[in-house]
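Structure, as structure tokens:
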Amino acid sequence: MTCNLLLVDDHSLIRAGVRALVADIPGYAIVGEAADGAQLSGLAQRLEPDIILLDIWMKSIDGFDALKQLFKVQPHCKVLILSMHTDPDMVARALDAGARGYLLKDTTATELEQALEALRNDERYLSPAIAHTVVERAVHGTRAERARAARERYNLTARQLEILRLIVRGKSTREIASGLGLSIKTVETHRSQIMKRLQIFDVAGLVLFCVRERIISLDD
């Protein structure tokens, strides 16, 4: 079944570029376009797209206001932000506003497909180019303070917190196991327990959790 997309961006060249990328991705089709965020709510109600691709910074109305209006009438819409901005505060603000993913406009067809697949499967997506920066910028405090607070608040062990740090930094299960001298099965068990305790089941969600809770620092 085709996944229908609504594209909202005030630059015609950007829309044309995204249109060309989507044309090469099987199973997806752009069913509507808008050059103005003010049109978003009306189009979303009329077209009922599966995913909305939205520029966060437009002239007439910015993406944040457009999101507020959208979620009043379509609270369960899946929104993927398309932006040139890598500022971690803006990324966090967009995700807090309800967006399910954040993708840079210089993306490749492969990364766009990954992002769309994530949202289609009810997961979140952060462009790898910004995920590290978002976490690094947003957190403060010493490792001991964060570890103690996290263990108390979320019932995480020191080992689980260590594994969470590595997951957020983009390490694979195999890399984590090798670096910590653990078996792959043990790491998978810890990963499953972490996600179950936090009730977060995708990496982008873990990144956002760490940003909000300020429990991870990548420069420790």
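Position 68 of the sequence shown, counting from 1, maps to 68 under the UniProt record's numbering, and the rest follow consecutively. No residue lacks a Cβ here, since even glycine has one placed at the ideal position from N, Cα and C.
Alpha carbons only, please: which of 44, 57, 197, 55 is nearest the one belonging to residue 72? As a first step, residue 72 is located in the sequence shown; it is residue number 72 there, counting from the start. Ranking 44, 57, 197, 55 by Cα distance to residue 72 puts 44 first.
Could you check whether residue 101 and residue 118 sit closer than 8 Å to each other, using their CB atoms as the reference points? Sequence index remark: in the sequence shown, residue 118 carries index 118 (1-based). Sequence index remark: in the sequence shown, residue 101 carries index 101 (1-based). It is a contact, given that the beta carbons lie within the stated cut-off.
Close beta carbons around residue 22, own chain, < 6 Å, minus the five adjacent residues each side: For this step, residue 22 is matched to residue 22 along the sequence shown. The residues are 28, 30.
Taking the CB atoms as reference points, tell me whether residue 124 and residue 204 lie closer together than 8 Å. For the purposes of this step, residue 124 is taken as residue 124 along the sequence shown, with counting starting at 1. For the purposes of this step, residue 204 is taken as residue 204 along the sequence shown, with counting starting at 1. Closer than 8 Å, so yes.
What's the gap between the Cα of residue 61 and the Cα of residue 96? Here residue 61 refers to the residue found at position 61 when the sequence shown is read from its first residue. Here residue 96 refers to the residue found at position 96 when the sequence shown is read from its first residue. Answer to the nearest angstrom: the Cα atoms are 18 Å apart.
Classify residue 13: buried if its beta carbon has 16 or more other beta carbons within 10 angstroms, exposed otherwise. Start at 1 with the first residue of the sequence shown, and residue 13 comes out as number 13. It is exposed - the Cβ of residue 13 has fewer than 16 other Cβ atoms within 10 Å.
What is the residue span of the alpha helix (DSSP H) that residue 17 lies within? In the sequence shown, the residue the question calls residue 17 occupies position 17. Looking at the DSSP string, the run of the alpha helix (DSSP H) that includes residue 17 is 12-23.
Leaving aside the five residues before and after residue 164 along the sequence, list all residues of the same chain whose C-beta is less than 6 Å from its C-beta, in chain order. Position 164 of the sequence shown holds residue 164. Around residue 164: 194.
Got a sec, what are the start and stop residues for the alpha helix (DSSP H) residue 210 sits in? Here residue 210 refers to the residue found at position 210 when the sequence shown is read from its first residue. That run of the alpha helix (DSSP H) goes 203-213.
So, under 8 Å CB-CB, residue 6 and residue 52 are touching, yes? Tell me the CB distance rounded to an integer number of Å. On the sequence shown, position 6 is the one that residue 6 refers to. On the sequence shown, position 52 is the one that residue 52 refers to. Rounded, the Cβ-Cβ distance is 5 Å, consistent with contact.
I need the DSSP call for residue 48, collapsed to helix, strand or coil. To locate residue 48, count along the sequence shown from 1; it is residue 48. In this structure, residue 48 counts as coil in the three-state DSSP scheme.
Restricting to Cα atoms, I'd like to know which of 54, 49, 111, 196 is closest to residue 2. For the purposes of this step, residue 2 is taken as residue 2 along the sequence shown, with counting starting at 1. Among 54, 49, 111, 196, the Cα nearest to that of residue 2 is on 49.
Applying the 10 Å Cβ sphere with the 16-neighbour rule, what's the burial state of residue 89? Here residue 89 refers to the residue found at position 89 of the sequence shown. Label assigned to residue 89: exposed.
At the level of alpha carbons, what is the spacing between residue 173 and residue 35? As a first step, residue 173 must be located in the sequence shown, where it is residue number 173. As a first step, residue 35 must be located in the sequence shown, where it is residue number 35. Those two C-alpha atoms are separated by around 42 Å.
Separation of residue 121 from residue 114, as counted between CA atoms: Your numbering for residue 114 matches position 114 in the sequence shown. Your numbering for residue 121 matches position 121 in the sequence shown. Straight-line Cα distance between these residues: approximately 11 Å.
What separation, rounded to the nearest whole angstrom, lies between the Cα atoms of residue 220 and residue 162? Position 220 of the sequence shown, counted from the first residue, corresponds to residue 220. Position 162 of the sequence shown, counted from the first residue, corresponds to residue 162. Here the model assigns residue 220 a pLDDT of 44, short of 50, so the residue's position is not dependable and the matter cannot be decided.
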